[in-house]
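Novice: Chains A and B, in that order, are what the protein sequence lines are. The opening position of the first sequence corresponds to residue 1 in full-length UniProt numbering, with each subsequent residue numbered one higher. The opening position of the second sequence corresponds to residue 1 in full-length UniProt numbering, with each subsequent residue numbered one higher. First the structure, which I've put down as structure tokens, then a few questions once you've had a look.
Protein chains: 2
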Amino acid sequence: MNRKITLKQIAKELDVSISTVSKALKDSPEISDDTKQKIQAFAKLYNYKPNNIALSLKNRKTNTIGIIIPEIVHHFFSKVIRGVELVANQRGYNVIIGLSNESFSKEVINMEMLANGSIDGFIISISKETQQLQDYHHLTATINQGMPIVMFDRVVSEIECDKVIVNDFNGAKNAVEKLIENGCKSIALITTKDYVSVGKLRTQGYIDALSEHNLTLESNLMLKMDDTLDYEEHLDLLESEITQLFKSNQKIDGVFAVNELYALSAMKVARKLGLSVPEDLQVIGFTDGVLSKHATPGLTTVSQHAQQMGEKAAHLLIDKLESENTDQEEEYQTVVITTDLVERESTK
Amino acid sequence: MNRKITLKQIAKELDVSISTVSKALKDSPEISDDTKQKIQAFAKLYNYKPNNIALSLKNRKTNTIGIIIPEIVHHFFSKVIRGVELVANQRGYNVIIGLSNESFSKEVINMEMLANGSIDGFIISISKETQQLQDYHHLTATINQGMPIVMFDRVVSEIECDKVIVNDFNGAKNAVEKLIENGCKSIALITTKDYVSVGKLRTQGYIDALSEHNLTLESNLMLKMDDTLDYEEHLDLLESEITQLFKSNQKIDGVFAVNELYALSAMKVARKLGLSVPEDLQVIGFTDGVLSKHATPGLTTVSQHAQQMGEKAAHLLIDKLESENTDQEEEYQTVVITTDLVERESTK
DNA sequence: TTTTAACACGAAAACGTTTTCGTGACATAT
DNA sequence: ATATGTCACGAAAACGTTTTCGTGTTAAAA
Numbered sequence: 001m002n003r004k005i006t007l008k009q010i011a012k013e014l015d016v017s018i019s020t021v022s023k024a025l026k027d028s029p030e031i032s033d034d035t036k037q038k039i040q041a042f043a044k045l046y047n048y049k050p051n052n053i054a055l056s057l058k059n060r061k062t063n064t065i066g067i068i069i070p071e072i073v074h075h076f077f078s079k080v081i082r083g084v085e086l087v088a089n090q091r092g093y094n095v096i097i098g099l100s101n102e103s104f105s106k107e108v109i110n111m112e113m114l115a116n117g118s119i120d121g122f123i124i125s126i127s128k129e130t131q132q133l134q135d136y137h138h139l140t141a142t143i144n145q146g147m148p149i150v151m152f153d154r155v156v157s158e159i160e161c162d163k164v165i166v167n168d169f170n171g172a173k174n175a176v177e178k179l180i181e182n183g184c185k186s187i188a189l190i191t192t193k194d195y196v197s198v199g200k201l202r203t204q205g206y207i208d209a210l211s212e213h214n215l216t217l218e219s220n221l222m223l224k225m226d227d228t229l230d231y232e233e234h235l236d237l238l239e240s241e242i243t244q245l246f247k248s249n250q251k252i253d254g255v256f257a258v259n260e261l262y263a264l265s266a267m268k269v270a271r272k273l274g275l276s277v278p279e280d281l282q283v284i285g286f287t288d289g290v291l292s293k294h295a296t297p298g299l300t301t302v303s304q305h306a307q308q309m310g311e312k313a314a315h316l317l318i319d320k321l322e323s324e325n326t327d328q329e330e331e332y333q334t335v336v337i338t339t340d341l342v343e344r345e346s347t348k
Numbered sequence: 001m002n003r004k005i006t007l008k009q010i011a012k013e014l015d016v017s018i019s020t021v022s023k024a025l026k027d028s029p030e031i032s033d034d035t036k037q038k039i040q041a042f043a044k045l046y047n048y049k050p051n052n053i054a055l056s057l058k059n060r061k062t063n064t065i066g067i068i069i070p071e072i073v074h075h076f077f078s079k080v081i082r083g084v085e086l087v088a089n090q091r092g093y094n095v096i097i098g099l100s101n102e103s104f105s106k107e108v109i110n111m112e113m114l115a116n117g118s119i120d121g122f123i124i125s126i127s128k129e130t131q132q133l134q135d136y137h138h139l140t141a142t143i144n145q146g147m148p149i150v151m152f153d154r155v156v157s158e159i160e161c162d163k164v165i166v167n168d169f170n171g172a173k174n175a176v177e178k179l180i181e182n183g184c185k186s187i188a189l190i191t192t193k194d195y196v197s198v199g200k201l202r203t204q205g206y207i208d209a210l211s212e213h214n215l216t217l218e219s220n221l222m223l224k225m226d227d228t229l230d231y232e233e234h235l236d237l238l239e240s241e242i243t244q245l246f247k248s249n250q251k252i253d254g255v256f257a258v259n260e261l262y263a264l265s266a267m268k269v270a271r272k273l274g275l276s277v278p279e280d281l282q283v284i285g286f287t288d289g290v291l292s293k294h295a296t297p298g299l300t301t302v303s304q305h306a307q308q309m310g311e312k313a314a315h316l317l318i319d320k321l322e323s324e325n326t327d328q329e330e331e332y333q334t335v336v337i338t339t340d341l342v343e344r345e346s347t348k
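Next up, the structure:
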């Protein structure tokens, strides 16, 4: 077992000082060519690599960014991570993940665990519970310590930091308008309770689209699900509620759902009730998921470009980290990623 | 901006030595109660938390584990990560991720980047390219440095380390036997080329099941896809090959696919060809994914218990890390996670 | 021959901890 | 009055780097 070699060991072995070794390995002009050659050869032979931890301590910079997300088994979030990791790697950073599991306390603990020197900055999408409690002290505390944060997707306007969001409002509005163009007269909405920021915005997009096209807004066409539970867990409840919705509003000919699973459930229920998609009922979802692509019929969705969000968030964070020396007036930007409507078979 | 406070600053502020502060915060009996109270109060006020990097350097232990996977936008791998993160957090560890993106060189670079002190040990599932090249020097080098590795899913027998695998052979065999029990007489296999270890094992399970039940093995019923490309990318090719398979073997009444997408494609093609599932054709896939659950009809699959694999891998690694002091003879174990057949609507 | 400058290297501090060991002050025992 | 012991704390080393500054040696310039 050849444990990693250190400068000190090389120095001892070659009978020079640690400083000399360090300089030689950096090709410093201070060191004679002879000595450099000798040291570099030795270092190569023993596969010397500087210890990251020591470097981090010395430089007060870990070159690691932390990403805190509510859930990883989720197409959207894993795509964001992929984007973050991609950019981080390109720019010489590592990525450390923390899962809040939609819990406020786990989010706080995770952040505190990482904020003590392990990372240089955060990329975070806050948990539903945090959104509900509206307690953001962990975020402000972190920012106050001089550690930059980039929020994405689920952001909160009170917090001053860089943000990457999707144009939820417009994406939803466009989707609903598409349904209207396609001839839908009675469009249902399946959404979450209002405390989920993105759900709220998408709902607003639905409302605006209807009103702009002079369609009356009927509250019994709007199904607001309690999103505290995990999707999968309340699938049965979801389906029965949708069944109820369809049965009591037979004229429904279009559905806009704020996420993939809601849309899929709508299609499933429709099939059960003998409605064919898209002939009798057109459905549009909101997501970046695989389910939409492989569903039958393929689900038309508003694509969020999750990976792009991750990439952008990583760039913003690293830019901030690397400009930090220049103590200019802090300026935060909010980048809006535009959505696309991916048309598949669930719309005409 | 209140930058994090250090022991040194507290010491200076309270006019005591650094050692005294450190001891006081650890409630050492060496320090008088008066002094302790004073220091602890001050530390609490300024929210002192020890710097992780400094601790890591001092203890030569980072309490961080690295996980290297080929891809994160993948239900199986993200579930594994969830399992790893869960256990790691419980046991006081952080998780840092590296994506190889199925590339050998990215896998090597990622590992080298982390092996220089950033982490205490690895959990890894190697890339397809690594499997093809059969070049494992980065793994052996890491192990030689005294850094423990736990391999999961895609393991290689030549490397001596702890492993967590799924019983691919048995899982596949059981699946095929299920098809046989259900009356299938002509069962097709959709698999990958043999260098993918798990694909090979699952193929073997298929072969064994057939032979044990006296069904003749027909090579033209076995479709071996080139798995170098990303699934999504060669979807068209996949579908045309499957179409070919079905057209030239009209007697096929069962399909066993070694992953989710292959199985779904089989169902899709079947539908196009006017075959109804499960009446004319029964299909079983292999995976832990969401697609199977939400497909129509629901896909019967061999479940891999990905999260459990992640949990087990994390436990194995941390156990090894925390017993490392006792320099007993190295003993490695291979944990086999048993698969379950999840029956849905694609089988009778 | 003396001064100056270039050269090649080493000592030491610093990053933030923990921990071992040493020591001065005081109280108790002889 | 001296020896012994306890108490409460500080100095310093160590983890592995980088970097500034100092210094001894040699060669060139005066």
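Yeah, the Cβ is synthetic: ideal placement off N, Cα and C, and Gly gets one too. Every value quoted in this text rests on a predicted model; they were computed, and no experiment measured them.
In this structure, does DSSP put residue 9/A in helix, strand or coil?
Specialist: Here residue 9/A sits in helix by DSSP.
Novice: Any beta carbon from chain B within less than 8 Å of residue 129/A's own beta carbon?
Specialist: Not one chain B Cβ lies under 8 Å of residue 129/A.
Novice: List the residues that DSSP assigns as beta-bridge partners of residue 191/A.
Specialist: In the DSSP output, where bridge partners are listed per residue, residue 191/A has 224/A.
Novice: What ranges does the alpha helix (DSSP H) occupy inside the region 94-124 of chain B, keeping only unbroken runs of at least 4 residues that lie completely in it?
Specialist: Fully enclosed alpha helix (DSSP H) runs of 4 or longer: 104-115.
Novice: For residue 289/B, which of helix, strand or coil comes out of DSSP?
Specialist: Coil at residue 289/B, not helix or strand.
Novice: Tell me which residue opens and which closes the alpha helix (DSSP H) that residue 205/B is part of.
Specialist: Segment 197-212, the alpha helix (DSSP H) holding residue 205/B.
Novice: Which residues mark the beginning and the end of the alpha helix (DSSP H) in which residue 295/B is found?
Specialist: Neither: residue 295/B is in no alpha helix (DSSP H) and is coded neither H nor E.
Novice: For residue 26/A, is the beta carbon positioned less than 7 Å from some heavy atom of the ligand ATP?
Specialist: Looking at this structure, you won't find the ligand ATP or any other ligand, since it has none at all.
Novice: For residue 157/B, go through chain A and note every residue whose CB falls closer than 7 Å to its CB, in chain order.
Specialist: Going along chain A, no residue has its Cβ under 7 Å from residue 157/B, so there is no contact; the nearest lies around 21 Å.
Novice: Helix, strand or coil for residue 142/B per DSSP?
Specialist: Looking at residue 142/B - three-state DSSP - the assignment turns out to be helix.
Novice: Along chain B, which residues have their Cβ under 7 Å away from the Cβ of residue 81/A?
Specialist: Correct list: 72.
Novice: Out of 186/B, 237/B, 132/B, state which residue places its alpha-carbon closest to the alpha-carbon of residue 221/B.
Specialist: For residue 221/B, the nearest C-alpha among the options comes from 186/B.
Novice: Per DSSP, residue 64/B is paired with what?
Specialist: Note: residue 64/B sits in a beta bridge opposite 94/B.
Novice: Should residue 148/B go down as buried or exposed, given a rule of 16 or more other Cβ atoms within 10 Å for buried?
Specialist: Buried.
Novice: Note down the Cα distance separating residue 20/B from residue 57/B, rounded to an integer number of angstroms.
Specialist: So the two alpha carbons sit approximately 21 Å from each other.
Novice: Does any CB atom of chain A fall closer than 8 Å to the CB of residue 320/B?
Specialist: False, the Cβ-Cβ gap to chain A never drops below 8 Å.
Novice: Classify residue 276/A: buried if its beta carbon has 16 or more other beta carbons within 10 angstroms, exposed otherwise.
Specialist: Under this definition residue 276/A is an exposed residue.
Novice: With residue 340/B as the anchor, note down where its beta strand (DSSP E) starts and where it stops.
Specialist: That run of the beta strand (DSSP E) goes 340-342.
Novice: What do you reckon, are the CB atoms on residue 164/B and residue 337/B nearer than 8 Å?
Specialist: A contact, by the Cβ cut-off of 8 Å.
Novice: So which residues on chain A does residue 54/B lean against when the C-beta distance must stay under 8 Å?
Specialist: Chain A residues near residue 54/B: 57, 117.
Novice: Please specify which runs of the alpha helix (DSSP H), each continuous and at least 4 residues long, are wholly inside the region 253-281 of chain A, giving them in chain order.
Specialist: Whole alpha helix (DSSP H) segments, 4+ residues: 260-272.
Novice: Per DSSP, which one or two residues make a beta bridge with residue 165/A?
Specialist: Partner(s): 336/A.
Novice: How far does the alpha helix (DSSP H) with residue 126/B in it reach, from first residue to last?
Specialist: Counting along the chain, residue 126/B falls outside any alpha helix (DSSP H), and DSSP gives it neither H nor E.
Novice: Counting only beta-carbon separations shorter than 8 Å, does residue 191/A have a partner in chain B?
Specialist: Cβ-Cβ to chain B under 8 Å: no for residue 191/A.
Novice: Below 8 Å on the Cβ atoms is my guess for residue 286/B versus residue 172/B; work out the distance and round it to an integer in Å.
Specialist: Confirmed, about 7 Å.
Novice: Check the C-beta distance from residue 255/B over to residue 175/B and give it rounded, since I have them as a contact under 8 Å.
Specialist: Residue 255/B to residue 175/B, Cβ: 10 Å. No contact.
Novice: Helix, strand or coil, according to DSSP, for residue 151/A in the structure here?
Specialist: Of the three classes helix, strand and coil, the one that applies to residue 151/A here is strand, per DSSP.
Novice: Does any residue of chain B have a CB that is nearer than 8 Å to the CB of residue 144/A?
Specialist: Interface residue, yes.
Novice: For residue 106/A versus residue 227/A, is the C-beta distance shorter than 8 Å?
Specialist: In this structure, residue 227/A does not lie closer than 8 Å to residue 106/A by Cβ.
Novice: Is residue 155/B closer than 8 Å to residue 307/B when the C-beta atoms are compared?
Specialist: Taking 8 Å as the Cβ cut-off, residue 307/B and residue 155/B do not qualify as a contacting pair.
Novice: Could you tell me whether the region 59-67 of chain A touches the region 116-133 of chain A, using the rule of 3 or more Cβ pairs below 8 Å?
Specialist: Result yes; three or more Cβ-Cβ pairs closer than 8 Å.
Novice: Nearest-angstrom Cα distance between residue 48/A and residue 167/B?
Specialist: Computed Cα separation, rounded: 40 Å.
Novice: Along chain B, in chain order, which residues have C-beta atoms closer than 7 Å to that of residue 51/A?
Specialist: 116, 117, listed in chain order.
Novice: Using a Cβ distance threshold of 8 Å, determine whether the region 135-143 of chain B contacts the region 257-265 of chain B, with at least three qualifying pairs required.
Specialist: The region 135-143 of chain B vs the region 257-265 of chain B: no contact.
Novice: Just the Cα atoms here: how many angstroms apart are residue 34/A and residue 133/B?
Specialist: Looking at the two C-alpha atoms, the distance is approximately 39 Å.
Novice: Just list the residues that DSSP pairs residue 302/B with in beta bridges.
Specialist: Beta-bridge pairing links residue 302/B to 286/B, 341/B.
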